[in-house]
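One structure is given below, encoded as structure tokens.
Protein chains: 2
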Amino acid sequence: MKARVKAIYNQISDDLKNRIMQGKLSPGEMLPSQSQLAETYGVTQMTVRQGLGTLVEDGYIYSVWGKGYFVAEPTLETGIINLPGRNFFGQEFTPMMNEVDILRADQEIADKLAVIVGSKVIRTQLTLALGDNPVALDCRYISYRKGEPQLENELQYADFPQIVARHTNSVVVKSTFSIEAVHLNEIEASALETSPGALGLCVEQILYDVNGKPLGWSRMVCRSDRYKVSGVAQSYSGKV
Amino acid sequence: MKARVKAIYNQISDDLKNRIMQGKLSPGEMLPSQSQLAETYGVTQMTVRQGLGTLVEDGYIYSVWGKGYFVAEPTLETGIINLPGRNFFGQEFTPMMNEVDILRADQEIADKLAVIVGSKVIRTQLTLALGDNPVALDCRYISYRKGEPQLENELQYADFPQIVARHTNSVVVKSTFSIEAVHLNEIEASALETSPGALGLCVEQILYDVNGKPLGWSRMVCRSDRYKVSGVAQSYSGKV
DNA sequence: GAGTGGTCTAGACCACGAA
DNA sequence: TCGTGGTCTAGACCACTCC
């Protein structure tokens, strides 16, 4: 066993964290002041602040100007979800077939990408499979700005935000997504080897650049008996 | 107009952030060292570190021991989603009817809550509505440990994690959730004023305490034509 | 005015990576 | 060995809150 040296500020934050988790410090309760903690632990104010800082980041406590630090209420109102990114292809799913073409935007595409009807748009279509079983149909639209979509083979490996970034010369910094239940239509059903009207889950995602301009739109339709969305929510962001 | 004084470390982080967003600093590129930055901005290393710290927290850069700071690759693989918490009742939806009872766990409940079959379990059932239109059926199970479920009226106002915490004397620190498409059964359909077999979205959530023990299980079934799940993903956590 | 959090300095020393 | 990031000190001053 090696006596691992731990930074003092980590010892302080761990100590306070434990007291919070054990209920010795209750939500809403005020912590000792920075100067008191500094004296208690025999360190300077800056070191104490560093420890308190990590607790603030992780959501255990918060500070009020001129008053003090207080123990936060644990909440679970937001969750984190894995989106169809790079790992989606690499690890879980394998793309079975893909198609890339350029088309003119119809009304729906124009709305989603905030371009005028008739604009050039790059479309990619994939079938995602788990082993030999097709699970999802994936259709993506990128507003066409520069460069040719000569990278058919690259498309299935890189993740969508990266492809969009390359084609639009913009960085994707935000995306919105929605998840809804749908009935599969004939095309989707036959591609996913099931019957029309079967239960499906549709995950839609729109990518935006820094200025809030839509750069890409993806729509994935899954067989709901083979895939469901899952995620985690934690009241404290740090490792417990 | 008031000339707002901004902290030096914020000026530094803003400056670097702009250079990253404008592409003057590319992903993978190394930043000037702490001492170089200190000299450039005419401040001490500690002040520079504070500025770099916020950029690390927000995911713009990362540091490598003994080497330097590097510009991070933007990723969008995880998203944040709003879960049925307090705001779910308070703002969007109104609970129309509720029911509270105690029952013995069947196999399914026992599995979810990690208790033995036949254990006492508290069950609450709500109908959630948007205006006059019923949108979702919500059913929640709490492993019964102490205290009586005397708080029928309180149940519809507090959020689930809080109720669970009060009944189990434990803090809810984690939850997992899943979202899947379902067909509504007769009971659900009639409660939601639609026909059996209609499209539904089912959001399931399990709450855990610090030791990973399940404390509660909730299952919400929505009319998919009146509700869909949505969320946001951002590559940088700070405000841009 | 006393107590609090927030910023900043000018040093010091340690741990790590690469040459 | 040198340059890098990571930790820490012993002060100082400012801004805010409450009495």
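Sequences listed follow chains V and Y, in order.
Yeah, the first sequence ends on 240 if you go by UniProt numbering, and it's all consecutive.
Yeah, the second sequence ends on 240 if you go by UniProt numbering, and it's all consecutive.
Glycine residues also receive a C-beta, built at the ideal position from the N, C-alpha and C atoms.
{"Asked": "Within a Cβ cutoff of 7 Å, which residues of the same chain sit near residue 87 of chain V, ignoring the five residues on either side of it in sequence?", "Found": "Because the pLDDT of residue 87 of chain V is 40, which lies under 50, any placement of that residue in the model is unreliable, and the number read from its coordinates should be weighed accordingly. Around residue 87 of chain V: no qualifying Cβ."}
{"Asked": "From Y:101, Y:100, Y:123, Y:98, pick the residue whose C-alpha is nearest to that of residue 109 of chain Y; which is it?", "Found": "Y:123"}
{"Asked": "To the nearest angstrom, how far is it from the Cα of residue 95 of chain Y to the Cα of residue 216 of chain V?", "Found": "38 Å"}
{"Asked": "Please check the pair residue 206 of chain V and residue 176 of chain V, which I expect to be a contact at CB under 8 Å, by giving their CB distance rounded to whole angstroms.", "Found": "5 Å"}
{"Asked": "Reducing DSSP to helix, strand and coil, say where residue 15 of chain V ends up.", "Found": "helix"}
{"Asked": "Look up residue 234 of chain Y in the DSSP assignment and say whether it is helix, strand or coil.", "Found": "strand"}
{"Asked": "Distance check for residue 228 of chain Y and residue 211 of chain V, CA to CA, integer angstroms please.", "Found": "26 Å"}
{"Asked": "With a threshold of 9 Å between beta-carbons, can residue 199 of chain Y be considered close to chain V, or not?", "Found": "yes"}
{"Asked": "Can you list the residues of chain V that residue 236 of chain Y reaches, using a CB-CB cut of under 8 Å?", "Found": "173"}
{"Asked": "Using a beta-carbon distance below 9 Å, is residue 163 of chain V in contact with chain Y?", "Found": "no"}
{"Asked": "Enumerate in chain order the residues of its own chain whose CB-to-CB distance from residue 81 of chain Y is below 6 Å, with the five nearest sequence positions on each side excluded.", "Found": "231"}
{"Asked": "Quick one: Cα of residue 56 of chain Y to Cα of residue 30 of chain Y, how far?", "Found": "14 Å"}
{"Asked": "What does DSSP give as the partner residue(s) for residue 220 of chain Y in the beta ladder?", "Found": "Y:138, Y:203"}
{"Asked": "Nearest-angstrom Cα distance between residue 125 of chain Y and residue 103 of chain Y?", "Found": "13 Å"}
{"Asked": "Check whether the Cβ of residue 40 of chain Y lies closer than 9 Å to any Cβ atom in chain V.", "Found": "no"}
{"Asked": "Quick check on this structure: which residue in V:179, V:196, V:203 has the alpha carbon closest to the alpha carbon of residue 187 of chain V?", "Found": "V:196"}
{"Asked": "For residue 40 of chain Y, count neighbouring Cβ atoms within 10 angstroms of its own Cβ and tell me buried if that reaches 16, exposed if not.", "Found": "exposed"}
{"Asked": "Roughly how many whole angstroms lie between the Cα atoms of residue 32 of chain V and residue 183 of chain V?", "Found": "58 Å"}
{"Asked": "If distances are taken between C-alpha atoms only, which option among Y:37, Y:112, Y:93, Y:58 comes closest to residue 68 of chain Y?", "Found": "Y:37"}
{"Asked": "From the DSSP output, read off the bridge partner residues of residue 169 of chain Y.", "Found": "DSSP, once it has assigned bridges, lists no residue as partnering residue 169 of chain Y."}
{"Asked": "When the distance is taken between beta carbons, is residue 44 of chain V closer than 9 Å to residue 13 of chain V?", "Found": "no"}
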